[in-house]
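I have placed the structure first, in the form of structure tokens, so that the comments after it can refer back to it.
There are 2 protein chains.
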Amino acid sequence: AFRAPSPAELPELGPTDVSQDPLDRLRHARGQALPDLVRLRTGTVARLPDAVARPRAADEIEALLAAASEAGVRVVPWGGGTSVTGGVTPPPGDAPVLTLDLERLAGLHALDEVSGLATFGAGTLGPALEAALADAYGGRGATLGHFPQSFELSTLGGWIAAASSGQESLGNGRVADLVAGVSAVAPAGRIEIPPLPPSAGGPDLRRLWVGSEGRFGVIHRAAVRVRPRPETLRVEAVLMRGFEPALDGVRRLVREGVPLALLRLSDEPETQVAMTVGLAKSRFGALARGWLALRGVAHDAALLLLGAAGDEAEVEETLERARSVLRPLAPVWLGASPGRTWQRDRFRHPYLRDALLDDGVSTETLETAAPWSRLVPVADAVRAALRAGRADDEHELPVLCHLSHAYLDGASLYFTYFWRTPADADAAVERWADLKRRASDAIAAVGAATSHHHGVGSYHAPWLEAEIGAGGLRTLDAVARAHDPRGVLSPHVLLDPVDRLGAQ
Amino acid sequence: AFRAPSPAELPELGPTDVSQDPLDRLRHARGQALPDLVRLRTGTVARLPDAVARPRAADEIEALLAAASEAGVRVVPWGGGTSVTGGVTPPPGDAPVLTLDLERLAGLHALDEVSGLATFGAGTLGPALEAALADAYGGRGATLGHFPQSFELSTLGGWIAAASSGQESLGNGRVADLVAGVSAVAPAGRIEIPPLPPSAGGPDLRRLWVGSEGRFGVIHRAAVRVRPRPETLRVEAVLMRGFEPALDGVRRLVREGVPLALLRLSDEPETQVAMTVGLAKSRFGALARGWLALRGVAHDAALLLLGAAGDEAEVEETLERARSVLRPLAPVWLGASPGRTWQRDRFRHPYLRDALLDDGVSTETLETAAPWSRLVPVADAVRAALRAGRADDEHELPVLCHLSHAYLDGASLYFTYFWRTPADADAAVERWADLKRRASDAIAAVGAATSHHHGVGSYHAPWLEAEIGAGGLRTLDAVARAHDPRGVLSPHVLLDPVDRLGAQ
Chain A
494 AFRAPSPAEL PELGPTDVSQ DPLDRLRHAR GQALPDLVRL RTGTVARLPD
544 AVARPRAADE IEALLAAASE AGVRVVPWGG GTSVTGGVTP PPGDAPVLTL
594 DLERLAGLHA LDEVSGLATF GAGTLGPALE AALADAYGGR GATLGHFPQS
644 FELSTLGGWI AAASSGQESL GNGRVADLVA GVSAVAPAGR IEIPPLPPSA
694 GGPDLRRLWV GSEGRFGVIH RAAVRVRPRP ETLRVEAVLM RGFEPALDGV
744 RRLVREGVPL ALLRLSDEPE TQVAMTVGLA KSRFGALARG WLALRGVAHD
794 AALLLLGAAG DEAEVEETLE RARSVLRPLA PVWLGASPGR TWQRDRFRHP
844 YLRDALLDDG VSTETLETAA PWSRLVPVAD AVRAALRAGR ADDEHELPVL
894 CHLSHAYLDG ASLYFTYFWR TPADADAAVE RWADLKRRAS DAIAAVGAAT
944 SHHHGVGSYH APWLEAEIGA GGLRTLDAVA RAHDPRGVLS PHVLLDPVDR
994 LGAQ
Chain B
494 AFRAPSPAEL PELGPTDVSQ DPLDRLRHAR GQALPDLVRL RTGTVARLPD
544 AVARPRAADE IEALLAAASE AGVRVVPWGG GTSVTGGVTP PPGDAPVLTL
594 DLERLAGLHA LDEVSGLATF GAGTLGPALE AALADAYGGR GATLGHFPQS
644 FELSTLGGWI AAASSGQESL GNGRVADLVA GVSAVAPAGR IEIPPLPPSA
694 GGPDLRRLWV GSEGRFGVIH RAAVRVRPRP ETLRVEAVLM RGFEPALDGV
744 RRLVREGVPL ALLRLSDEPE TQVAMTVGLA KSRFGALARG WLALRGVAHD
794 AALLLLGAAG DEAEVEETLE RARSVLRPLA PVWLGASPGR TWQRDRFRHP
844 YLRDALLDDG VSTETLETAA PWSRLVPVAD AVRAALRAGR ADDEHELPVL
894 CHLSHAYLDG ASLYFTYFWR TPADADAAVE RWADLKRRAS DAIAAVGAAT
944 SHHHGVGSYH APWLEAEIGA GGLRTLDAVA RAHDPRGVLS PHVLLDPVDR
994 LGAQ
């Protein structure tokens, strides 16, 4: 049975429900990165929050933050707990830790259909958010269209705090583009950024809350840009002849302005895995392989998924434009069937990690972004860094890669890698930490982004200066101090450069 | 002859060229708002910078800022001097003022055609910037596509500092969307934000420099997102039946994602002026008027300009989609001829102010932004506030309005208004100030944006808190102090809420 360490004494926290139940504390102790899984599966979670508070209103957050600031209690805002960067883990040190679960600050507050603006509580989960918009526009429904892989478990406030991107951000924009207004509470006072279209009223402060990771204040409400729900999303699969040549095709799709909803290009190893898994399920697996071999694509194939949203005519027109742009690269069009499989499983992949751990295999993901001209060197550097972390008893360390988001000036790269899990929990975490350090060092050395959509949290904080420089850290530190003079809010994320990966 | 006040003594400023020539100081004393014109035309410019420095490199800016900080000299960065918000006027007070003209930090430093990234000195003027891109892409040319009305006289650094929008920002994005990297020098140190596609490496600090108005540091270089130059830009004119009904059509164009390059909708009074001026030039003016009357559009006509960019086929396809979306509103299509007139004159309108002043008429413009659902009340409130400022000897105070930029969730409104110029220069400025206060009060009262693309500067600073709240001011103040601890950089802009309109 789980025996939680005794919680610290807490000051009087006002009218908010505060739980010190051991299981509640345990459920709020870790995020969703590999070390979180390892610690939870092996019963070796060392630090728990001392209490979990569930505020019902901004006033209650205000009282909680005032009491915490006064008493030096550290406060960790909690949305869905799906951070993969140590963002929701209790900060190290002796100070008591209070986790603020925002689940009671959920739901739709206002919907302006004419402007396409919806105001939600920050604790609203993805599916609840979309459900609340289902009756808009005379029953057609509205959508925010933000579908990160964590969609089922994560919240609007968490998406904003972590600068999230979703699977359809190519068409709908990243969360940074979708946020029109932010309401937050900080120890130094309230923040109300009204939902306005782009303004020249000084720097756009919305953007400072996107990626703020709970460091500046607790986001409790946000106004987001919604749109009428498209009739359909069709995802088609294409086999391209090699990852590198296909990058050029993807770049052209973006530059030509083909209005795709999503786009994802796997490298050759990831394509092999997808085809092995996908075709194994098919009655015609062997035939399909033979057909592809005849078309001259096999081991160099790079799987490209293209999604278009709208009514049937719009979808067909968009995909036809995509076909026309890609034609010179002689792709093999596989149609909508693999796309349907992807759509069915789009939020499921993270759950595979448990099954793999049962088999003694660890897996983790990481992502970065870079300009088009440096994308291949960045991919090569990260692959090489991870492979160099191969243990003596491993034949190889498999690294899969895909381009997950494309922009006019560059794209993001998403890596999935696998290794044999050491039997001891501490050793399993240390191995994970070693690989993460190698990849992060490589990313910093080639000048790519610290993260494209997972965020900085605690795990990437040692490498943030490589991206934003001393001037960038000075900026963020000043903002944090202005809103949180005593530094009680998530002091371990974003601005704490100590490498604590091994101690996770 | 102009007799400049004697300049203050300045400390040793290092190796930079520093001029104390009276005419040089005068040319750097004022921006381009109406009181600037009045003061320059009447020889009543009261305050001049004490010197104008022209740094050639970031090192020189560093030395200048160190010396200025040490001696308490105020520093005003100067791009093209086209501020209409008092942003380049010497700050009030007794401290000496040094204006930093960035004209020698101009030109293209690097061009990455694959990524579509170009790095320029901040002092690069609009035409020079576009000219430097003319040979890219095998002679086809690249474009930034940023064309504010001040294009011919303003600089890249100024566009970033003032959060500029251009006439084709609908298609190409605002300057906020175009900036990929920023290099700046502040008294506390350098800032280097590398050109990366969207990242989750904390809040997007690029956005903090967009709209920074010289308050946080001196932007000396920037990397911007460029694209292949479109073959053609075609602007067509449409007469809609009333401004309010037409707003709905414009909103649909944006929501349907019709990829227009530009879009501008004039209200009925502005349309009357445009048609009077435009048709007066036409040999067929009377015929055209008769024809329009037959079609049932006359005094309720609202002129809509639609621009599409690309090759001929793309342009035609985009405009055909626009026609299809607008068809239910029964517009009258006028074709490309009025659009060509607009394209020819697109940067000329500000020069008309001088001719009007010669005739004893003052004119000024102001702009704001609001969600679609509040656009009409905002327009009405601003019109009413300005009209209420009519003087006893004026029959009416004409106010023209157009929608200048449209977004998914709202749009900007741009007002042009006219009044009889009082003979005395101080009275002329006081009259201008009275109207500006009335409009700014009205905008703040209805919760619209302080500014859509002119910026805050000194003139709008008293109203900024109405938009971003005490929490927003606290944020910006913290950033300013972190980069400029002694407050020497443009202390009168953005964060100084004192109303000095009457003293301009």
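Chains A and B supply the protein sequences, listed in that same order. Residues 494 to 997 (the numbering used here) are what the first sequence spells out, left to right. Residues 494 to 997 (the numbering used here) are what the second sequence spells out, left to right. Every residue gets a Cβ at the ideal spot worked out from N, C-alpha and C, and that includes glycine. Just so it is clear, the structure is predicted and the values come from calculations on it, not from any experiment.
Would you tell me roughly how many angstroms separate the C-alpha atoms of residue i and residue j, rounded to the nearest one?
i                       : j                      : result
residue 826 of chain B  : residue 801 of chain B : 15 Å
residue 515 of chain B  : residue 864 of chain A : 47 Å
residue 592 of chain A  : residue 981 of chain A : 12 Å
residue 951 of chain B  : residue 840 of chain A : 50 Å
residue 832 of chain A  : residue 759 of chain A : 14 Å
residue 1080 of chain A : residue 729 of chain A : This structure cannot speak to residue 1080 of chain A, because chain A is shown only from 494 to 997.
residue 614 of chain B  : residue 550 of chain B : 10 Å
residue 854 of chain B  : residue 891 of chain B : 11 Å
residue 688 of chain A  : residue 875 of chain A : 40 Å
residue 762 of chain A  : residue 817 of chain A : 27 Å
residue 812 of chain B  : residue 609 of chain B : 26 Å
residue 584 of chain A  : residue 523 of chain A : 11 Å
residue 872 of chain A  : residue 956 of chain A : 18 Å
residue 732 of chain B  : residue 531 of chain B : 36 Å
residue 824 of chain A  : residue 896 of chain A : 17 Å
residue 920 of chain B  : residue 903 of chain B : 37 Å
residue 792 of chain B  : residue 767 of chain B : 12 Å
residue 519 of chain A  : residue 913 of chain A : 27 Å
Compute the beta-carbon to beta-carbon distance between residue i and residue j, rounded to the nearest angstrom, for a pair I have assumed lies under 8 Å.
i                      : j                      : result
residue 815 of chain A : residue 751 of chain A : 5 Å
residue 715 of chain A : residue 649 of chain A : 6 Å
residue 703 of chain A : residue 672 of chain A : 6 Å
residue 577 of chain B : residue 569 of chain B : That belief does not hold up - the Cβ atoms of residue 577 of chain B and residue 569 of chain B are roughly 16 Å apart, past 8 Å.
residue 834 of chain B : residue 719 of chain B : Actually they are not in contact, since the Cβ atoms of residue 834 of chain B and residue 719 of chain B sit about 28 Å apart, beyond 8 Å.
residue 868 of chain A : residue 756 of chain A : About 14 Å separates the two Cβ atoms, so there is no contact after all.
residue 911 of chain A : residue 856 of chain A : 5 Å
Candidates the options: which alpha carbon is nearest residue i's?
i                       : options                    : result
residue 654 of chain B  : B:648, B:705, B:618, B:669 : B:705
residue 658 of chain B  : B:630, B:891, B:861        : B:861
residue 560 of chain A  : A:675, A:963, A:689, A:977 : A:977
residue 643 of chain B  : B:842, B:942, B:992, B:990 : B:842
residue 945 of chain A  : A:669, A:622, A:616, A:647 : A:669
residue 565 of chain A  : A:680, A:508, A:541        : A:680
residue 708 of chain B  : B:878, B:997, B:996, B:975 : B:975
residue 1046 of chain A : A:743, A:893, A:859, A:878 : With chain A running from 494 to 997 in the structure shown, residue 1046 of chain A is simply not present.
residue 963 of chain A  : B:623, B:898, B:682, B:753 : B:682
residue 631 of chain A  : A:606, A:941, A:572, A:598 : A:606
Along chain B, which residues have their Cβ under 7 Å away from the Cβ of residue i?
i                      : result
residue 946 of chain A : 693
Applying a beta-carbon distance threshold of less than 9 Å, which residues of chain B neighbour residue i?
i                      : result
residue 718 of chain A : 900, 901, 902
residue 965 of chain A : 684, 685, 686, 694, 695, 698
residue 810 of chain A : Neighbours of residue 810 of chain A on chain B: none; closest Cβ ~10 Å, over 9 Å.
residue 960 of chain A : 686, 687, 689, 692, 694, 695
residue 705 of chain A : 695, 696
Show which residues of chain A have a CB atom less than 9 Å away from the CB atom of residue i.
i                      : result
residue 748 of chain B : 609, 720, 721
residue 571 of chain B : Those within 9 Å of residue 571 of chain B in chain A number zero; the least Cβ separation is about 19 Å.
residue 752 of chain B : 750, 752
Kindly list, in the order they appear in chain A, the residues whose Cβ is closer than 7 Å to that of residue i.
i                      : result
residue 605 of chain B : 864, 866
residue 661 of chain B : Those within 7 Å of residue 661 of chain B in chain A number zero; the least Cβ separation is about 14 Å.
residue 627 of chain B : What residue 627 of chain B touches in chain A: nothing, since even the nearest Cβ is about 19 Å away.
Can you list the residues of chain A that residue i reaches, using a CB-CB cut of under 8 Å?
i                      : result
residue 857 of chain B : The premise fails here: residue 857 of chain B is roughly 17 Å from chain A at the closest Cβ pair, so nothing lies under 8 Å.
Kindly list, in the order they appear in chain B, the residues whose Cβ is closer than 8 Å to that of residue i.
i                      : result
residue 987 of chain A : 695
residue 949 of chain A : 693, 694, 695
- Item | Validate contact between the stretch 983–992 of chain B and the stretch 497–508 of chain B using beta carbons, cut 8 Å, 3 pairs | no
- Meets three-Cβ-pair contact criterion under 8 Å: the stretch 686–703 of chain B and the stretch 916–934 of chain B: The stretch 686–703 of chain B is not in contact with the stretch 916–934 of chain B.
- Item | Touch test, the stretch 530–537 of chain A against the stretch 503–510 of chain A, Cβ-Cβ under 8 Å, three pairs minimum | no
- Kindly confirm or deny that the stretch 882–890 of chain A and the stretch 967–974 of chain A touch, where touching means at least three C-beta pairs closer than 8 Å. no
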